[in-house]
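For what it's worth, the numbering used here labels the leading residue of the sequence shown as 88, then goes sequentially.
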Amino acid sequence: WDPVEKQPIEVSDAERIVLISDLGAVVKESLDGSRDVFVQSLRTGEPVAGAEVSILGKNGLPLFTQQTSADGRVSFPTLKDFKREKTPTAYLVQRDGDLSFVPYERNDRKLQMSRFETGG
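Written as structure tokens, this is what we have:
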């Protein structure tokens with residue numbers, strides 16, 4: 088609302104959100120379905136200890152929350168049995184007012200190994 092013109096302000100259609108954070112996160116999935124999250128500072132390249140890492144469900148509530156160790160790592164068990172409102176959707180990383188997130192499972196975010204040579 089524009090109080091001077093006394094009319095609604097036109098809003099443009101936003102298609103992207105830009106997140107600026109010092110917290111970089113990488114998620115690795117093991118064969119048993121467990122996952123390790125590694126958190127590092129993008130400014131220094133060092134691991135971030137004491138960051139809070141949560142896995143959020145579809146309902147927006149955390150399924151698990153853990154603190155990263157001195158090497159910036161946290162491990163989560165397999166979540167294959169979580170269904171409906173508890174279906175995992177994102178990893179949320181927070182520390183000292185800084186925030187970062189990684190989608191839980193998106194095919195366009197996975198490393199495609201099928202085109203790499205495996206012989207040798």
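By construction, the Cβ of each residue, glycine as well, lies at the ideal position given by its N, Cα and C atoms.
Using 8 Å as the threshold, is the region 134-147 in touch with the region 88-95, meaning 3 or more CB pairs across them?
Touching, no.
Tell me whether GLY144 is buried or exposed, calling it buried when 16 or more other Cβ atoms sit within 10 Å of its Cβ.
Around the C-beta of GLY144, 16 or more other C-beta atoms lie within 10 Å, and the residue is accordingly described as buried.
So, SER141 versus LEU179, is the Cβ gap smaller than 8 Å?
Contact check for SER141 against LEU179 passes: the beta carbons are separated by less than 8 Å.
Quick one: is PRO164 buried, meaning 16 or more other Cβ sit within 10 Å of its Cβ, or exposed?
PRO164 is exposed by the Cβ-count criterion.
Proximity of ASP185 and SER108 at Cβ, strictly below 8 Å:
It is a contact, given that the beta carbons lie within the stated cut-off.
Let me know the secondary structure DSSP gives ARG171 once reduced to three states.
Helix.
Leaving out five residues before and five after LYS167 in sequence, what residues of the same chain have Cβ atoms less than 8 Å from its Cβ?
Around LYS167: GLY120.
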